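Participant: Handing you this structure, nothing more for now.
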Amino acid sequence: MHNIQWKSEYSVGVDDIDAQHQRLISIINRLAQTRDEAMTSDELFAILSDLVDYSDYHFRTEDNYMMENEYPLFLSHRKEHLAYMKKMGSMVQSHKNKKPGLFEEMLSYLSQWWQTHITESDLRYARYIQARKKE
Ligand SMILES: [Fe+2]
Ligand SMILES: [Fe+2]
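Residues 77 to 211, numbered by our numbering, are exactly what the sequence shown covers, in order.
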């Protein structure tokens, strides 16, 4: 239900960034799958840590790309990345505290956030930078 399917409409036209988005989606889908498996809390924590680390790496790639291309909405885009990292930090904490219902909340946040962020915010910088390169 929270599985995300990569679509060509998600492409930002930069191979590295598209590959990172695909990998992020696959980690989230892996997380969604764990619901149907007997997964220990440590195994779940390992997937979550992987997601947090890889998200951080991805955001650094994008932040650099936007800066290099003098994207005017860079700061507001970066704010979205920071808000996500903050939210993930608090969810990892809630996971440690074994908060009930967290798993569903986390998956719906992740699937919603990534689909909206890619199709709205990421595609906005992609269109801007593509147009700028054609000038
Ligand atoms: Fe982004
Ligand atoms: Fe992105």
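We put the CB at the ideal spot given by N, CA and C, even for glycine.
Fair warning: this is a prediction, and the values are worked out from it, not measured in the lab.
Would you decide whether A202 is buried or exposed? Buried here means 16 or more other CB atoms lie within 10 Å of its CB.
Facilitator: When all chains shown are included, A202 counts as buried.
Participant: To the nearest angstrom, report how far apart A108 and E211 are at their CA atoms.
Facilitator: Approximately 43 Å between the Cα atoms of the pair.
Participant: In terms of alpha-carbon separation, which member of K209, V90 and V168 lies closest to L127?
Facilitator: The shortest Cα separation from L127 among K209, V90 and V168 belongs to V168.
Participant: Using only alpha-carbon positions, find the residue among I194, N79 and V88 that is nearest to A207.
Facilitator: When only C-alpha atoms are compared, the closest one is V88.
Participant: If you draw a straight line from the alpha carbon of A159 to that of Y185, how long is it in whole angstroms?
Facilitator: Going from the Cα of A159 to the Cα of Y185 covers about 12 Å.
Participant: Could you check how far apart the C-beta atoms of I80 and N105 are, in whole angstroms? I think they sit under 8 Å.
Facilitator: Indeed, because the Cβ distance is near 6 Å, the residues count as touching under 8 Å.
Participant: Where in the segment 172-201 do unbroken runs of the alpha helix (DSSP H), each at least 4 residues long, occur, reported from the N-terminal end onward?
Facilitator: Qualifying alpha helix (DSSP H) stretches, in chain order: 178-192.
Participant: Name the two residues that bound the continuous alpha helix (DSSP H) containing M143.
Facilitator: Segment S117 to E144, the alpha helix (DSSP H) holding M143.
Participant: Check whether the Cβ of H157 lies closer than 8 Å to any heavy atom of ligand 1, and answer yes or no.
Facilitator: H157: yes, Cβ under 8 Å from ligand 1.
Participant: Work out the CA separation of M161 and D132 for me, nearest whole Å.
Facilitator: Rounded to the nearest angstrom, the two C-alpha atoms are 8 Å apart.
Participant: Going by C-alpha distance, which of S197, N145 and L178 is nearest R111?
Facilitator: For R111, the nearest C-alpha among the options comes from L178.
Participant: In angstroms with no decimal places, state the Cα-to-Cα distance between R200 and L183.
Facilitator: Their Cα atoms are separated by approximately 25 Å.
Participant: Since H153 contacts M142 with CB under 8 Å, what's their CB separation in whole angstroms?
Facilitator: That pair is a contact at about 6 Å.
Participant: What residue range is occupied by the uninterrupted alpha helix (DSSP H) comprising N105?
Facilitator: D91 to Q109 is the extent of the alpha helix (DSSP H) around N105.
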